[in-house]
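This report concerns only the one structure given below.
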Ligand code: HQG
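Residue numbers (the numbering used here): 766 to 949.
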């Protein structure tokens, strides 16, 4: 696959494995895993034609490492970002002192009032460094980066998890743990 085909396949898989398994007639198990055979035949009916080799290429070549295959290659899932109900089974972890969230200015009044909410996903997504957060925010416009006092949140009872591709997840971030944008 060339770069463009790879990005298109990654977008398609992200939609199927996070939000719309029904769209290709497959089901996710409670931990979010899809059977690769069912996924590939679903894609033949209702999506891009993907070979098994293409799927491996997407998993390995995806710019954010969004997907994981089990070692025998029979099941695949997205690391995070689901809106369908899944229990990823990630263990609680102690976060670093600070984590970061990238957003845009038009959301700031609401965020500073009510904190970060997961919106349509299961969790609020936080980045380990400001540069990554900036890129997340830039998907929507001029990015604004917020610092999250994650270690303090953790000390005060909030549960953090981290995905295999380095995204930190927490149910919500109350406004008291957010501080103004850090310089880029
Ligand atoms: C904002 C991408 C108003 C929040 C990225 C964000 C990430 C609020 C948007 C992953 C709010 C939700 C997740 C509040 C939060 N009021 N707006 N109280 N609380 N928001 O896409 O973090 O490419 O669900 O700032 O790299 O942007 O898909 O979350 O702008 O890791 O793999 O509501 O998605 O990864 O948007 O991105 P999202 P996100 P992928």
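Ideal placement from N, C-alpha and C gives every residue a C-beta, glycine not left out.
About 5 Å separates the beta carbons of residue 929 and residue 844, which is inside the 8 Å limit, making them a contact pair. Boundaries of the beta strand (DSSP E) around residue 867: 863 to 869.
With fewer than 16 other beta carbons inside 10 angstroms of its own, residue 850 counts as exposed. In the DSSP assignment, residue 895 falls within the unbroken alpha helix (DSSP H) covering 895 to 902.
Its chain contains 880 as the residues whose beta carbon lies nearer than 6 Å to that of residue 939, once the 5 sequence neighbours on both sides are disregarded; these appear in chain order.
For the pair residue 783 and residue 847, the CB atoms are nearer than the 8 Å cut-off.
Counted as a single uninterrupted DSSP element, the beta strand (DSSP E) harbouring residue 925 occupies residues 925 to 927.
Taking one beta carbon from each stretch, the segment 821 to 837 and the segment 767 to 776 have 3 or more pairs nearer than 8 Å; the two touch. Within the same chain, Cβ atoms closer than 7 Å to the Cβ of residue 766 are found at 774, 819, 822, the five residues on either side in sequence being excluded.
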